[in-house]
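Okay, structure first, notes after.
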Ligand SMILES: N[C@@H](CCC(=O)N[C@@H](CS)C(=O)NCC(=O)O)C(=O)O
């Protein structure tokens, strides 16, 4: 079986989602550091791997994959894990993935990027994003009020994707205290075998 290679940068939330899914599925992977500050993601050799010029990318033999949500679905399918069991569960997983990439990810990642100095924006812009993040967190909290995980009773890649958003809320100064169900669910995710924090799952440099 070909070895999977993940391309990314350790500070990247979408790269974390792919690395976390691999870790939870017990799959080893090689890692290529993409130096965003040096513009490596816009160079022809990287664009040949990910036409969008973003991280992450995942290479599996001749297959070059991008977009973290799509990568998560690919991994779930390839390894037969965390993808939902029935056609309905699989559809619900996809629904959560499309929703989080629209409503949750950008509105958590951008305040984080502003607070960490990766992105410049005035307070109005920051407040716009955090307002939308809180709207999304309310939806997530309500969904988790009566359910251990987002789809069914077992963790799926929908949980991986949403966890890979809310894990950065604190760095964006978004308070999770009003969301007790989200916090309890985060603790459940953090107890899963193979769980690692982003600093631990993604190497800082290339790794075999
Ligand atoms: N929707 C994409 C978002 C990927 C993304 O925004 N990656 C950032 C790093 S966290 C990036 O590559 N930024 C550089 C750029 O967009 O030019 C995914 O989930 O994979």
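Numbering (the numbering used here), first residue to last: 157 to 364. C-beta atoms are modelled at their ideal positions from N, C-alpha and C, and glycine is treated no differently. Since the structure is predicted, the reported quantities are computational estimates derived from the model, not experimental observations.
> Once you ignore the five residues that flank residue 324 on each side, which residues in its own chain have a CB closer than 7 Å to its CB?
Replying inline: Here the question's residue 324 lines up with position 168 in the chain shown. 169, 264, 265 and 268.
> When you compare only the Cα positions, how much space is there between residue 203 and residue 302?
Replying inline: As a position in the chain shown, residue 203 is number 47, starting the count at 1. As a position in the chain shown, residue 302 is number 146, starting the count at 1. One C-alpha to the other measures close to 43 Å.
> Relative to the alpha-carbon of residue 310, which residue among 326, 295 and 347 has its alpha-carbon at the smallest distance?
Replying inline: On the chain shown, residue 310 is found 154 positions in, with the first residue counted as 1. Comparing Cα positions, the closest option is 347.
>> Nearest by alpha-carbon distance to residue 330: which of 255, 363, 355 and 291 is it?
In response: To locate residue 330, count along the chain shown from 1; it is residue 174. Checking every option, the nearest Cα to that of residue 330 belongs to 291.
> Rounded to whole angstroms, how far is the Cβ of residue 401 from the Cβ of residue 317, which I believe are closer than 8 Å?
Replying inline: Given a span of 157 to 364 for the chain in the structure shown, any question on residue 401 remains unanswerable.
>> Residues around ligand 1, please: the ones whose beta-carbon is closer than 5 Å to some heavy atom of it, in chain order.
In response: Each of 168, 170, 210, 211, 223 and 224 has a C-beta closer than 5 Å to some heavy atom of ligand 1; these make up the full list, in chain order.
> Between the C-alpha atoms of residue 185 and residue 259, what's the straight-line distance to the nearest angstrom?
Replying inline: Counting from one through the chain shown, the residue named residue 185 turns up at place 29. Counting from one through the chain shown, the residue named residue 259 turns up at place 103. Spanning the two alpha carbons is a distance of roughly 29 Å.
>> Measuring straight from C-alpha to C-alpha, what distance separates residue 319 and residue 345?
In response: In the chain shown, counting from the first residue as 1, residue 319 sits at position 163. In the chain shown, counting from the first residue as 1, residue 345 sits at position 189. Between the alpha carbons of residue 319 and residue 345 lies a distance of about 8 Å.
>> Helix, strand or coil for residue 201? Go by DSSP, reduced to three states.
In response: Locating residue 201 in the chain shown gives position 45, counting from the first residue. In this structure, DSSP gives residue 201 a helical state, which the three-state scheme calls helix.
> Given residue 175, which residues of its chain have a CB within under 7 Å of its CB, disregarding the five upstream and five downstream residues?
Replying inline: Position 19 of the chain shown, counting from 1, holds the residue named residue 175. Residues of the same chain with a CB within less than 7 Å of the CB of residue 175, apart from the 5 flanking positions on each side, are 162, 357 and 358 in chain order.
> According to DSSP, is residue 177 helix, strand or coil?
Replying inline: Working through the chain shown from its first residue, we reach residue 177 at position 21. When secondary structure is reduced to three states using DSSP, residue 177 falls in the helix class.
> Do residue 166 and residue 352 come within 8 Å of each other at the CB atom, strictly closer than that value?
Replying inline: Position 196 of the chain shown, counted from the start, is the residue given in the question as residue 352. Position 10 of the chain shown, counted from the start, is the residue given in the question as residue 166. No. Outside cutoff.
>> On a Cα-Cα basis, can you pick out the residue from 339, 332, 286 and 271 that is closest to residue 300?
In response: As a first step, residue 300 is located in the chain shown; it is residue number 144 there, counting from the start. Cα-wise, what sits closest to residue 300 is 339.
> Excluding sequence positions up to five away, which residues of its chain have a Cβ less than 7 Å from the Cβ of residue 315?
Replying inline: What you label residue 315 is simply residue 159 of the chain shown in a count that begins at 1. Excluding sequence neighbours, residue 315 sits near 305, 306 and 345.
> Below 8 Å, can you find three or more Cβ-Cβ pairs linking the region 213 to 228 to the region 282 to 296?
Replying inline: No, because fewer than three Cβ pairs between the region 213 to 228 and the region 282 to 296 fall closer than 8 Å, the two stretches do not touch.
>> Let me make sure I understand the geometry here. Which of 350, 312 and 195 has the alpha-carbon closest to that of residue 246?
In response: To locate residue 246, count along the chain shown from 1; it is residue 90. Residue nearest to residue 246 within the set 350, 312 and 195 is 312 (criterion: CA-CA distance).
> residue 215 bridges to which residues according to DSSP?
Replying inline: Taking the chain shown and counting its residues from 1, the one referred to as residue 215 is at position 59. DSSP output for residue 215 lists 161 and 220 as bridge partner(s).
> Going along the chain, which unbroken runs of the beta strand (DSSP E) with 3 or more residues stay wholly within the region 286 to 324?
Replying inline: DSSP runs (the beta strand (DSSP E)) wholly in the region 286 to 324: none.
>> Among 182, 195 and 180, whose alpha-carbon lies nearest the alpha-carbon of residue 164?
In response: In the chain shown, counting from the first residue as 1, residue 164 sits at position 8. The residue from 182, 195 and 180 with its alpha-carbon nearest to that of residue 164 is 195.
> Mind checking residue 286: buried by the 16 CB within 10 Å criterion, or exposed?
Replying inline: The sequence position of residue 286 within the chain shown is 130, counting from 1. Classification of residue 286: buried, given that the 10 Å Cβ count is 16 or more.
>> Output needed for residue 272: all residues of its chain with C-beta closer than 7 Å, excluding positions within five of it in sequence on either side, in chain order.
In response: Counting from one through the chain shown, the residue named residue 272 turns up at place 116. Excluding residues within five positions, the ones whose Cβ falls inside 7 Å are 327.
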